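For reference, the structure is listed below as structure tokens.
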């Protein structure tokens, strides 16, 4: 449970899932505007884990 909102559930993957990740890409300094679409060169993928920090 998120202690800030008191209502949102937080989930983090177990260590075993972390080991399945093959490679990572990092995109720094992107200028994101509300409603914008920013293409990222990530290659082919069936699933993506995206972490955004503001």
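Numbering (full-length UniProt numbering), first residue to last: 1 to 54.
The beta-carbon is built from N, C-alpha and C at its ideal position, and this holds for glycine as well.
Since this is a predicted model, take the numbers as computed values, not measurements.
- Close CB contacts of residue 50 within its chain, under the 7 angstroms cut and outside five residues either way in sequence, are absent.
- Straight across, the Cα-Cα distance linking residue 26 with residue 6 is about 31 angstroms.
- Ranked by how close their Cα comes to the Cα of residue 22, the residues 53, 52, 54 and 45 have 45 in first place.
- Shown here, residue 15 sits in a helix according to DSSP, grouped into three states.
- Put simply, the backbone Cα of residue 32 is about 21 angstroms away from that of residue 43.
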